[in-house]
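Shown next, in structure tokens, is the structure this report addresses.
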Amino acid sequence: MSDADQTDQQGQADHTGETLGGPRPDPSTTASKDPEDWVTGDEPMTGPQRSYLDTLAREAGEELPADLTKAEASEHIDRLQQQTGRGTDSAS
């Protein structure tokens, strides 16, 4: 069993060394795969994608189909973030 798979006596995963939050990576220097090339891109969008996409679409005044794939949802999220200003670093 790997370190990432270890759990304590209460069944909680050991996330020692992991962090959440922090600065977002600079997209211009971060290697990323085109959603079209994702191995799981044709699977249904995830719950978090659906929730965030719903929020973005409402803010943008758009309606989107609810049966998007992960890759399609990601592309809409990127587009709507630009359109609404969400997800952009406005601290600079």
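In terms of full-length UniProt numbering, the sequence shown is numbered consecutively and its last residue is 92. For each residue, glycine too, the CB sits at the ideal point set by N, CA and C. All values reported here derive from a predicted model rather than from experimental measurement.
Go ahead and label residue i buried or exposed: buried means 16 or more other beta carbons lie within 10 angstroms of its beta carbon, across all protein chains shown.
i          : result
residue 72 : buried
residue 74 : buried
residue 30 : With a pLDDT of 49 at residue 30, under the threshold of 50, the modelled position of that residue is not reliable, and the figure given next carries that caveat. Under this definition residue 30 is an exposed residue.
From which residue to which residue does the alpha helix (DSSP H) around residue i run?
i          : result
residue 58 : 47-60
residue 84 : 70-84
Return the residue from the list the options that minimises the CA-CA distance to residue i.
i          : options        : result
residue 47 : 34, 87, 78, 67 : 67
residue 44 : 59, 83, 65     : 65
residue 42 : 70, 49, 51, 54 : 70
residue 87 : 39, 40, 55, 62 : 55
Where does residue i fall in DSSP's three states?
i          : result
residue 42 : coil
residue 30 : Caution applies to residue 30, whose pLDDT of 49 falls short of 50 and renders its modelled position unreliable; the model cannot decide the point.
residue 37 : helix
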